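Scroll down for the structure; my scribbles are underneath it.
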Amino acid sequence: DAGITQSPRHKVTETGTPVTLRCHQTENHRYMYWYRQDPGHGLRLIHYSYGVKDTDKGEVSDGYSVSRSKTEDFLLTLESATSSQTSVYFCAISEGSGSYGYTFGSGTRLTVV
Amino acid sequence: GQQVMQIPQYQHVQEGEDFTTYCNSSTTLSNIQWYKQRPGGHPVFLIQLVKSGEVKKQKRLTFQFGEAKKNSSLHITATQTTDVGTYFCAGRDNQGGKLIFGQGTELSVKP
């Protein structure tokens with residue numbers, strides 16, 4: 090969807106290396122989210138942000154950190170990548186925390202070897 | 016914590032047949048949303064239901080929210096190949112919690 094972009098789209102990295110995924114929005118939405126999608130698990134929330142420098146953990150936050158220094162950017166960092174973090178990562182934005190539909194980015198396919 | 020269960024996990028239908036996916040929550044929801052994800056794509060917001068017993072339609076798609084606001088369904092009449100994809104429900108509990116997604120139902124349609 091227009092207004093939200095993720096980078097990179099694909100990445101292969103080695104176990105133990107740090108990795109940062111970027112989500113950029115032009116909608117000026119307050120809320121931003123990082124999800125991971127794995128077969129049989131649907132979409133699981135990693136971290137979310139409700140404003141600049143305001144972030145909180147989701148259900149699968151271990152091994153991940155986030156930062157939001159500007160309204161438009163939400164970064165997800167895998168501090169030391171493991172094979173279990175091989176997944177498709179989606180960023181989403183919304184005007185409200187759950188009363189509005191989410192707009193998702195196109196996703197980042199991350200492979201940890 | 017809040018859980019949202021969705022069944023079935025997979026559904027294979029012949030084009031023209033109907034399709035239904037069901038969503039059940041362990042807690043009462045303030046609202047429920049539905050998303051569609053095409054193969055290789057990203058989830059796209061379809062609709063939100065808020066009121067107990069609410070029914071909304073979008074062309075061949077009918078969405079229902081249960082009277083107790085703990086379950087929901089999506090029904091597609093006369094499926095087409097363009098309906099192929101995974102359908103997710105997502106619910107938010109009454110305590111103002113985060114949106115929790117079901118595991119999704121993957122629909123395949125045979126022409």
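These protein sequence lines map, in sequence, to chains Z and E. Taking the numbering used here, I'd label the letters of the first sequence as residues 90 to 202. Taking the numbering used here, I'd label the letters of the second sequence as residues 16 to 126. Using N, Cα and C, we set each Cβ at its ideal position, and we do this for glycine too. The structure presented is a predicted model; accordingly, all values stated were derived computationally and were not measured.
- Nearest CB-CB separation between Pro54/E and chain Z: not below the 9 Å threshold.
- The closest CA to that of Lys125/E, considering only Asn109/E, His90/E, Thr94/E and Phe103/E, is found on Thr94/E.
- The Cβ atoms of Tyr191/Z and Pro54/E lie no closer than 9 Å to each other.
- The beta-bridge partner set that DSSP reports for Leu110/Z consists of Leu165/Z.
- Contact between Thr101/E and Gln52/E holds: CB atoms are separated by about 5 Å, below the 8 Å threshold.
- DSSP, reduced to helix, strand and coil, places Thr175/Z outside both helices and strands of the structure shown, so it counts as coil.
- By the criterion of a C-beta distance shorter than 8 Å, Thr35/E is surrounded in its chain by Ser88, Leu89, His90 and Ile91, once the five residues flanking it on both sides are discounted.
- Not one beta carbon of chain E lies nearer than 9 Å to the beta carbon of Gly152/Z.
- Chain Z places no beta carbon closer than 9 Å to that of His27/E, leaving this residue out of the contacts.
- The beta carbon of Ser67/E sits closer than 8 Å to the beta carbons of Phe80, Gly81, Glu82, Ala83 and Lys84 from its chain, once the five residues preceding and following it are set aside; these are given in chain order.
- Remark: fewer than three beta-carbon pairs, one from each stretch, lie closer than 8 Å, so the region 25-42 of chain E and the region 111-118 of chain Z are not flagged as touching.
- Relative to the Cα of Ile93/Z, the nearest Cα in the group Gly185/Z, Tyr153/Z, Glu184/Z and Cys180/Z belongs to Cys180/Z.
- Here Val201/Z is not near Thr166/Z, since their CB atoms are 9 Å or more apart.
- Put simply, of Met20/E, Cys104/E and Ile22/E the residue whose alpha carbon is nearest the alpha carbon of Phe60/E is Cys104/E.
- Put simply, the region 135-144 of chain Z touches the region 115-125 of chain Z. At least three CB pairs are less than 8 Å apart.
- Residues of chain E with a Cβ closer than 8 Å to the Cβ of Gly194/Z are, in chain order, His57.
- Within chain E, the residues whose beta carbon sits less than 9 Å from that of Tyr191/Z are Gln48, Tyr50, Pro58, Phe60, Ala105 and Leu114, listed in sequence order.
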